[in-house]
Every structure is written in structure tokens, then in C-alpha cells.
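Colleague: In our numbering, the protein residues as written are 25 to 191. Just so you know, even glycine gets a beta-carbon here, dropped at the ideal spot from N, CA and C. Questions regarding the structure given below will be posed in turn.
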């Protein structure tokens with residue numbers, strides 16, 4: 025009878041703590057990797073370039089943000105940027121929780137000087153953060169579309185918030 029009571033208590037604790045752990049997945053993540061990525065933007069993320077994937081038309085990054093499915097370094101005409109993607113199963117709650125966690129991580133770790141949130145649609149949401157004392161923008165977005173997929177992205181773009189082109 026004692027082990028049955030202990031089992032019930034353990035189960036109750038797990039059920040009580042699980043929603044907090046999921047919703048605050050980035051609460052214990054160190055700020056240092058995100059800050060380091062901002063510094064590496066000045067060198068076009070050269071130290072993080074792994075192999076070039078012709079299918080993706082980008083470099084696979086040697087460093088991935090915690091929990092990310094894939095991080096790449098993409099060269100465009102205007103800039104080179106670091107991009108991570110978290111792919112989810114078709115569960116809007118997990119996408120929204122991951123998106124909210126990344127937004128909190130950026131605001132907790134970086135000296136945000138302003139933000140620009142695009143008008144959300146039923147399927148997507150994007151917020152751009154301008155970083156103080158730098159010409160860099162951190163973009164966090166999410167998609168909850170059966171056509172496009174269920175994912176969250178984080179991009180570090182080495183140009184200022186005002187310069188970031190509207191999509």
C-alpha cells in the first residue's frame with residue numbers, strides 16, 4: 025500500500041509540473057549563445073558554416089539553438105543571416121508555446137531597442153526586434169498552417185530594424 029501511495033504522488037507531481045515546463049522551455053536557456061550569435065553576425069557567421077546543402081541553398085550551421093530541428097546560414101543579395109527552425113506536429117498549442125518562449129528569450133537576453141510586429145494572420149505571426157548598439161535584427165516567427173507546416177523560426181539578420189525589408 026505504501027508504494028501505491030508513492031506512485032500516486034509522483035504522478036500528481038509530474039502532471040502538475042508538465043505545463044509549466046513546456047510553456048517555459050527557454051526559462052533555463054543561457055543567454056550567452058544568443059549573444060554570441062549576434063557577435064558572429066559581424067563575420068557573416070563564417071565560424072559556424074558547416075557543409076553547403078545545395079537542396080537548401082544554404083550552409084548547415086555547426087551550432088543549433090536548443091531544440092531546433094535545423095539551423096542554417098543563408099547568403100542573400102543584401103545580407104547573410106542565421107536561421108533556426110523548430111518543426112512541430114500539427115498542434116497549435118506547441119507552436120504557440122515555443123513561439124512565446126523564444127520571444128521571452130530574446131527580450132530577456134538582448135538589449136531590445138524596439139520591435140515591429142507584423143499584423144498576425146490566422147496562420148502566422150512575426151515579430152522583429154531591433155537590438156540596441158548594433159545594426160542587427162532578431163526575427164521570431166511562427167506558422168500554424170496545414171499547407172505551410174507547423175513551425176517556429178528565429179533569424180538573426182545583420183541589418184537594422186528600419187532597414188529590414190517588409191515581406
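Once you ignore the five residues that flank residue 94 on each side, which residues in its own chain have a CB closer than 6 Å to its CB?
Modeller: Here the set comprises 109.
Colleague: On the premise that residue 106 lies in contact with residue 164, defined as a C-beta separation below 8 Å, what is that separation, rounded to the nearest angstrom?
Modeller: Wrong, their Cβ atoms sit about 13 Å apart, outside the cutoff.
Colleague: What is the C-beta distance between residue 84 and residue 74, in whole angstroms, given that I count them as a contact (C-beta under 8 Å)?
Modeller: Right, the Cβ-Cβ distance comes to about 4 Å (below 8 Å), so this counts as a contact.
Colleague: Cutting at 7 Å between CB atoms, please list the residues of its own chain near residue 127, excluding the five before and the five after it.
Modeller: Excluding positions up to five away in sequence, the list reads 151 and 164.
Colleague: Suppose the cutoff is 6 Å on Cβ atoms and the five residues either side in sequence are ignored; what does the same chain contact list for residue 134 look like?
Modeller: Cβ neighbours of residue 134 beyond the five flanking positions: 155.
Colleague: Let me know the secondary structure DSSP gives residue 125 once reduced to three states.
Modeller: In the structure shown, residue 125 sits in a helix (DSSP, three-state: H, G or I).
Colleague: Under 7 Å between C-beta atoms, does residue 119 make it to chain D?
Modeller: Of the protein chains in the structure, only one exists, and it is not chain D.
Colleague: Answer yes or no: do residue 119 and residue 174 have a C-beta to C-beta separation smaller than 7 Å?
Modeller: Yes, they are a contact pair.
Colleague: Under 8 Å Cβ to Cβ from residue 66, same chain only, skipping five residues before and after it: list those, please.
Modeller: So the qualifying residues of the chain are 182.
Colleague: Which same chain residues, not among the five before or five after residue 71, have their C-beta less than 7 Å away from its C-beta?
Modeller: Cβ within range, chain order: 64.
Colleague: Can you name the start and end residues of the beta strand (DSSP E) that residue 137 belongs to?
Modeller: Its beta strand (DSSP E) spans residues 136-141.
Colleague: Just grab the DSSP bridge partners of residue 108 for me.
Modeller: DSSP, once it has assigned bridges, lists 95 and 178 as partnering residue 108.
Colleague: What does DSSP give as the partner residues of residue 85 in its beta bridges?
Modeller: Paired residues: 73.
Colleague: What is the DSSP secondary structure of residue 56, counted as helix, strand or coil?
Modeller: Residue state, collapsed to three classes: helix.
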